[in-house]
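For the protein sequence lines, the chains are A and B, in the order given. So for the first sequence, my numbering puts the first residue at 1; every next one is plus one. So for the second sequence, my numbering puts the first residue at 1001; every next one is plus one.
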Amino acid sequence: MNKIKLFSSLLITFFMLTASFIYADSVFEFGAEVVFPSFWEATIEHNPPVNFVSSVNRILNVKSSVDFGGYISASAQLLYYFDNDETSVNTVDKGSVSHRAKFYTATPKFQSSYEKISYQIKVTLKKRNAPDDYYAYWPSSDTFHTALITNSTTSYITATDGGTVVFESGNQEYEYTKLVIPANSLSADTNITVTHSEIDSGADGQDMISKYVIEADISGTEITPANPISATFYYGTETNTTKFELMYRESPAGEWKKVNITQTDNANKTIKADITKFGEYAIFISRNLSDNDYRPAKRIKVKSRLINGAYDGFRFKYLEDGDVVKIYNVNGKKVREITAGDGNGGFVWDGRKDNGDWAESGTYVYQIKLKNKGKVISGTIAFVW
Amino acid sequence: MKNIKSLLIISIISIITLISVTSLFASNIGRHVYGLISEMYNGAHFDNFTQEDAMSLDTWSGQGMATFKDSDQNTPNIIEGNNCKTIVINRTSGWEVFVFRPAYGSASNTAPKEMNLYYGGSVKFLARSSFTSVLTAKVGVQLNTSGTGHKVKTLSQLGFVADGNWHEISIPLDSSFGISSSDDLGAVIGLFTFQPMTLITGHSIDIDNVRWVKPGMGTFNATLKNISDNGNAAKITWDAQTVFKQRWKAADQYVELDLDMDTSTNWSLKIYTNNGAADKKGLVDTSSGTSVLPMCWRIVKRKMPYDYYDWGGTRQQATFNIGEDLYEENGEIKGRLYDAGVANPEPTYNTWFYFLDYSDKNNFTTDEQDYVTCWKLKGFHSAAGPDNYWGMYDGADDTVTTEGRYPKIYFGADFEKAADLTYSAQIRLELTYE
Chain A
1 MNKIKLFSSL LITFFMLTAS FIYADSVFEF GAEVVFPSFW EATIEHNPPV NFVSSVNRIL
61 NVKSSVDFGG YISASAQLLY YFDNDETSVN TVDKGSVSHR AKFYTATPKF QSSYEKISYQ
121 IKVTLKKRNA PDDYYAYWPS SDTFHTALIT NSTTSYITAT DGGTVVFESG NQEYEYTKLV
181 IPANSLSADT NITVTHSEID SGADGQDMIS KYVIEADISG TEITPANPIS ATFYYGTETN
241 TTKFELMYRE SPAGEWKKVN ITQTDNANKT IKADITKFGE YAIFISRNLS DNDYRPAKRI
301 KVKSRLINGA YDGFRFKYLE DGDVVKIYNV NGKKVREITA GDGNGGFVWD GRKDNGDWAE
361 SGTYVYQIKL KNKGKVISGT IAFVW
Chain B
1001 MKNIKSLLII SIISIITLIS VTSLFASNIG RHVYGLISEM YNGAHFDNFT QEDAMSLDTW
1061 SGQGMATFKD SDQNTPNIIE GNNCKTIVIN RTSGWEVFVF RPAYGSASNT APKEMNLYYG
1121 GSVKFLARSS FTSVLTAKVG VQLNTSGTGH KVKTLSQLGF VADGNWHEIS IPLDSSFGIS
1181 SSDDLGAVIG LFTFQPMTLI TGHSIDIDNV RWVKPGMGTF NATLKNISDN GNAAKITWDA
1241 QTVFKQRWKA ADQYVELDLD MDTSTNWSLK IYTNNGAADK KGLVDTSSGT SVLPMCWRIV
1301 KRKMPYDYYD WGGTRQQATF NIGEDLYEEN GEIKGRLYDA GVANPEPTYN TWFYFLDYSD
1361 KNNFTTDEQD YVTCWKLKGF HSAAGPDNYW GMYDGADDTV TTEGRYPKIY FGADFEKAAD
1421 LTYSAQIRLE LTYE
């Protein structure tokens, strides 16, 4: 029994000592590793793809991104597209994108020329010194992506939910024309069509640079004025961004009325406005004209050259219906009054009097009366025989 | 058979008893080591305690005969961390005792601590004084409120030498100190008590690294973890595509250090590559073994990145942005690595260290010892230089109590000369104590 007691107390001691003896490791080893392969896969992303190209301006401007790295040497990133007959393939070459032992992401833009009928697109990354070999393709090595030529887009929008209509112009460098229709803005569920129309000629002092027609197929569909459609209009490649005007008319026969522009974004070449009517929307560049802009560029004209058609006379520019040009001789007698333009925003004095006879050789005073500005611009010209 | 049956019963009883004892003492604070005035250990910090510990430093001095104060920049040669405490005698009469109470909130709110598991261990501390008057001071613990509750001995009895040098003093928590059993440690009300008895104005003693230590070894662990999710990791890695041909880049892992063992004054943690050759002090290509991408390491007191205030009150950052500054010294081009993300961009505080290889450890110069020592009693190696070892409490911005104090080692490598190869390295962490 004593032996058992002794043994048991030793056992207890052993357990207690074991519990408190936790030996620490004195050495810890960790592995470190990094693997650099010789070539990282090159990938081309074209997202979102160009699905449509506007028939109005026919600019195919494709943005794609390329990721590649490692020891890679690429001679070019190319955009392929078919010509009119869909047999010959043209390319736009972005030039060398060679990089060695680096990682690179490129976002090149390609621009095709105008007047192609259809576009089949493929983007490739071509190997240097291996003309027929490529690192990457989009969409794939043996397929093309189709971008349809179009001038309109239609989306079905429910009155309850609203929605978005996007007109793709094919120019991915900038923003597309877009309508954002809020919920409960429309009076009916309807198809809404946005058409990119050819531009009309500009009015005096204003050039039309872009025009869209917005239509609902349910006749009489209305837009709630208190809950308007937010419209973004792509105005094109105009670089004169000093002043835009957005005008609206209900039909081609109607009068243009001004629409308030809420935002101009020159980086994306868009203007924004809240619209409450279906119809035509046109973007104008409004020039700030000085008095000299209206005056004839040449102050001396020779009769013989008028006769042989070298020029058409003294041209008074940027005038519109309602404006008047009067020509006086040095005695103050009016010899000619011109009230109509030549259809090209200019009024021309061809050197003849109101009765059709040639005016005498000499100095004449002109007066330009601008109806809308309520001002008179004067000057002198010389008509020489 | 009968004997075997008895033995079995006794074994089972032992196990049950052990489990019961452990659960009975489960409310003991600290782990293997509980730091009171210490910058090495988790647990009670340098008098900045957690609510869970319900501890505070109650420095009661009857009639103001002594002052218990913090060290400052004029306190020389602090060997544990960067702070110590000093007891200074103010007057020649009075009744006093300093006690390190387990009081929460105020001195009157005592909450005795169960410290039973420390029985058989010791209370240790560092002391320094050049005044022999302190030899009669008594140190120890206060077990309870009775007159016999103070278990103390003089510093002289404990072997202290007042020669102006630091000495380690050990108070055994056993019968030799009047503590007869673990039961005596069931409700400790003074975890460290100091009674200066000889009162000579101006005389002083420095105290540091006061800690309770359980019997046995304790543990030290180093765990590799992912920076992203703090989960355990198998290897130190980098994202190849991100770092290829780049200058110094931090790895995606860190090593978390967990110290729960008592350390001697010569304790240190050293770090090397272990690639078998002096020049292979980095990532080595696995094909020819000739191409080496240099590696570096850095140790910080908490997870990076983080902001902090330095002693000058300037906002600083600990970031993964590794900068390298090359300079010429005695005709030799040398380099130093610094945190390029800090507010002051000049590389004056070089926080990263180039790796050296373990095979070369016998050839290290004094300067090179700096490159391999990441943690020691003085603290963890915050920046190059023999003085830049800092404890877990830095005073200027001690805001880490909620996340604990587990120093972390981060890694970096220079990939500028990387080629299309596989590179690997072995990293060795070595605990040394003499």
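By construction, the Cβ of each residue, glycine as well, lies at the ideal position given by its N, Cα and C atoms.
With a Cβ-Cβ cutoff of 9 Å, do residue 175 (chain A) and residue 232 (chain A) count as a contact?
Against a cut-off of 9 Å, the Cβ pair of residue 232 (chain A) and residue 175 (chain A) comes out as a contact.
What do you get for residue 1202 (chain B), buried or exposed, if any count of 16 or more other CB atoms within 10 angstroms of its CB means buried?
Exposed is the call here.
Buried or exposed for residue 296 (chain A), please, with buried defined as at least 16 other CB atoms from any protein chain shown within 10 angstroms of its CB.
By the neighbour-count rule (16 or more Cβ atoms within 10 Å), residue 296 (chain A) is buried.
Apart from the five residues on each side of it in sequence, which residues of its chain come closer than 6 Å, Cβ to Cβ, to residue 139 (chain A)?
Leaving aside the five residues that flank residue 139 (chain A) on each side, the residues in its chain whose CB is nearer than 6 Å to its CB run, in chain order, 145.
Please name the residue in A:35, A:159, A:55, A:339 whose C-alpha comes closest to that of residue 368 (chain A).
Sorting A:35, A:159, A:55, A:339 by C-alpha distance to the C-alpha of residue 368 (chain A) places A:339 at the top.
For the beta strand (DSSP E) containing residue 1142 (chain B), name the first residue and the last one.
From DSSP, the beta strand (DSSP E) with residue 1142 (chain B) extends over 1138-1142.
Tell me which residues of the stretch 26-48 of chain A have at least one Cβ-Cβ distance to chain B shorter than 9 Å, keeping chain order.
Listed by position along the chain: 26, 27, 28, 29, 30, 31, 32, 33, 34, 35, 36, 37, 38, 39, 40.
Looking only at its chain, what residues have a beta carbon closer than 6 Å to the beta carbon of residue 164 (chain A), apart from the 5 residues adjacent to it on each side?
Taking C-beta separations shorter than 6 Å and ignoring five residues to either side along the sequence, the partners of residue 164 (chain A) in its chain run 180, following chain order.
Cα-Cα, which of A:259, A:225, A:374 is closest to residue 245 (chain A)?
Looking at the Cα atoms, A:259 is the closest of the given residues.
Run through DSSP, which three-state label would residue 1241 (chain B) get?
When secondary structure is reduced to three states using DSSP, residue 1241 (chain B) falls in the helix class.
N- and C-terminal bounds of the alpha helix (DSSP H) containing residue 1122 (chain B):
DSSP places residue 1122 (chain B) outside any alpha helix (DSSP H); the residue lies instead in the beta strand (DSSP E), whose first and last residues are 1122-1128.
Quick one: give me the first and last residue of the beta strand (DSSP E) that residue 263 (chain A) is part of.
Where residue 263 (chain A) is concerned, the enclosing beta strand (DSSP E) stretches over 263-265.
Check whether the stretch 1259-1271 of chain B touches the stretch 1369-1389 of chain B, counting contact only when three or more Cβ pairs, one atom from each stretch, lie closer than 8 Å.
Judged by Cβ distances under 8 Å, the stretch 1259-1271 of chain B makes contact with the stretch 1369-1389 of chain B, as three or more pairs qualify.
Which class does residue 368 (chain A) belong to by DSSP, given the choice of helix, strand or coil?
Here residue 368 (chain A) sits in strand by DSSP.
Beta-carbon gap between residue 1184 (chain B) and residue 1254 (chain B) smaller than 9 Å
No, Cβ-Cβ distance for residue 1184 (chain B) and residue 1254 (chain B) is not below 9 Å.
In this structure, how does DSSP classify residue 306 (chain A) when only helix, strand and coil are distinguished?
Judged by DSSP in its simplified three-state form, residue 306 (chain A) adopts helix.
Assuming residue 159 (chain A) contacts residue 184 (chain A) (C-beta within less than 8 Å), just tell me the rounded distance between them.
Going by Cβ atoms, the distance from residue 159 (chain A) to residue 184 (chain A) rounds to 6 Å, so yes, they are a contact pair.
Taking beta-carbon pairs under 9 Å, can you tell me which members of the stretch 1408-1428 of chain B lie near chain A?
Here the close residues are 1411, 1413, 1415, 1418, 1419, 1420, 1421, 1422, 1423, 1424, 1425, 1426, 1427, 1428.
For residue 1278 (chain B), which residues in chain A fall below 9 Å Cβ to Cβ?
Residues of chain A whose Cβ lies closer than 9 Å to the Cβ of residue 1278 (chain B) do not exist; the shortest such Cβ separation is about 18 Å.
For residue 1350 (chain B), count the other beta carbons within 10 Å of its own beta carbon; 16 or more makes it buried, fewer makes it exposed. Which is it?
So residue 1350 (chain B) ends up on the buried side.
Short check: CB of residue 1295 (chain B) to CB of residue 1425 (chain B), under 9 Å?
In this structure, residue 1295 (chain B) places its C-beta atom within 9 Å of the C-beta atom of residue 1425 (chain B).
Spatially closest choice to residue 1242 (chain B) from A:334, A:29, A:31, A:37, by CA coordinates:
The candidate whose alpha carbon is nearest that of residue 1242 (chain B) is A:37.
First and last residue of the uninterrupted beta strand (DSSP E) at residue 348 (chain A)
From DSSP, the beta strand (DSSP E) with residue 348 (chain A) extends over 347-349.
For residue 1283 (chain B), go through chain A and note every residue whose CB falls closer than 9 Å to its CB, in chain order.
Near residue 1283 (chain B) (Cβ distances below 9 Å), the residues of chain A are 32, 33, 34.
Start and end residues, alpha helix (DSSP H) containing residue 1365 (chain B)
Where residue 1365 (chain B) is concerned, there is no enclosing alpha helix (DSSP H), given that its DSSP letter is neither H nor E.
Using a Cβ cut-off of 7 Å, pull out every chain A residue sitting near residue 1274 (chain B), in sequence order please.
Contact of residue 1274 (chain B) with chain A by beta-carbon distance below 7 Å involves 29.
Neighbourhood of residue 152 (chain A) by C-beta, 6 Å cutoff - its chain only, sequence neighbours within 5 removed
If we look at residue 152 (chain A) and ignore the five residues flanking it on each side, its Cβ neighbours are 193, 195.
C-alpha gap between residue 1276 (chain B) and residue 1361 (chain B), whole angstroms:
In this structure, the CA atom of residue 1276 (chain B) is about 11 Å from the CA atom of residue 1361 (chain B).
According to DSSP, is residue 1177 (chain B) helix, strand or coil?
The answer is helix: DSSP assigns residue 1177 (chain B) an H, G or I state.
Taking only beta-carbon atoms, is residue 1295 (chain B) less than 9 Å away from chain A?
Interface residue, yes.
Between the stretch 1364-1389 of chain B and chain A, which residues of the former have a C-beta closer than 8 Å to a C-beta of the latter?
Along the stretch 1364-1389 of chain B, there is no position whose C-beta sits under 8 Å from a C-beta of chain A.
Just mark residue 1417 (chain B) as buried or exposed, buried being the case when its beta carbon has 16 or more other beta carbons within 10 Å.
So residue 1417 (chain B) ends up on the exposed side.
Could you round the C-beta distance between residue 943 (chain B) and residue 1341 (chain B) to whole angstroms and report it? I think they count as a contact, below 8 Å.
No answer is possible for residue 943 (chain B): it lies beyond the span of chain B, which begins at 1001 and ends at 1434.
Let me confirm a value: residue 990 (chain B) is counted as buried when at least 16 other C-beta atoms fall within 10 Å, else exposed. Which label applies?
Given that chain B is displayed from residue 1001 to residue 1434, the structure contains no residue 990 (chain B) and the question cannot be resolved.
Over what stretch of residues does the beta strand (DSSP E) that includes residue 260 (chain A) continue unbroken?
Per DSSP, residue 260 (chain A) belongs to no beta strand (DSSP E) and is neither H nor E.
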